[in-house]
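Position in the sequence shown (from 1) plus 1 gives the number in this note's numbering.
Beneath this line is the structure, given in structure tokens, with notes to follow.
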Amino acid sequence: MVALYGAQLLTRASTEAANVVFDVINIRPQSIDRNSLPDIDFFICPLNALLRVAGLKHEALYTDSYVCIGAKDNKKLYSGMPPADFLKLRHVGWSALPRVTFNHESMLWDDLDQEANYCLTMPNYLAFPRIVANSDAVAILPKRLAVTLMGEWRIKWIDPPVPVPALEISQVWRPGKHADPTITWL
């Protein structure tokens, strides 16, 4: 989120809300429950990441899709490829948990009894283009992010040949913060 919108957020805040200060933190969704919510005004995250915590309020900000990226010269990655061939490729994946593949796409694939060949997982999409541009691995990441990184790395992207859910990014907050001016402003 910060890589995509940090500069625009600061620019807008400088003219509309000069006293607002942003502290960006990484927090694992599985470590949050209603009784242990940290003193955070709001989260910007995929809709299903925190809504499992009963009572949180939310508002959709935008919807994105996922794309699959690979090195520009990776001939094994091509549009229209069979899903089974795609899943056999070496994958870099996002995961909130070390040594466990926990992400939107793998949850869906589990339901379909399919599994990708993960060789590396990490909780940060920003390193994916560097890794896939210099290896035979492929990765799935949000399309808006992939588009912004196309000029920086020798990568290409295709629509994933397997089902991947839409990515709805939402603002999520505790009920007591509903009228907070910062949340209303954002």
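Even glycine gets a Cβ: it sits at the ideal position worked out from N, Cα and C.
Residues bridged to residue i (per DSSP)
i    : result
M123 : W95
H59  : V173
I70  : A140 and W158
D65  : L168
P47  : I170
N118 : R91
Expected contact under 8 Å - CB spacing of residue i and residue j to nearest Å
i    : j    : result
C120 : R145 : Not quite, the Cβ-Cβ distance comes to about 25 Å (not below 8 Å), so this is no contact.
P143 : Y67  : 6 Å
Nearest residue (CA-CA) to residue i, options the options
i    : options                  : result
P182 : P84, V21 and L150        : V21
K73  : K178, D42, L150 and W158 : W158
A97  : Y126, A85, R131 and Y63  : Y126
P176 : F44, G152, V68 and Y67   : F44
N118 : H59, I132 and A85        : A85
G81  : D160, W174 and V93       : D160
W186 : A18, T12 and L5          : A18
L5   : H59, L48 and D65         : D65
W95  : L48, M151, W174 and A128 : A128
Under 8 Å between C-beta atoms of residue i and residue j
i    : j    : result
L57  : V163 : no
S171 : C46  : yes
I70  : P166 : no
E169 : A61  : yes
I184 : D42  : yes
Short CB-CB distance (under 8 Å) between residue i and chain D
i   : result
K77 : The chain labelled as chain D is not found in the depicted structure, where only one protein chain is given.
Inter-residue Cα distance where the pair is residue i and residue j
i    : j    : result
A134 : P124 : 19 Å
V139 : V148 : 16 Å
G7   : Y79  : 32 Å
I156 : V93  : 14 Å
D24  : L11  : 12 Å
I132 : T122 : 11 Å
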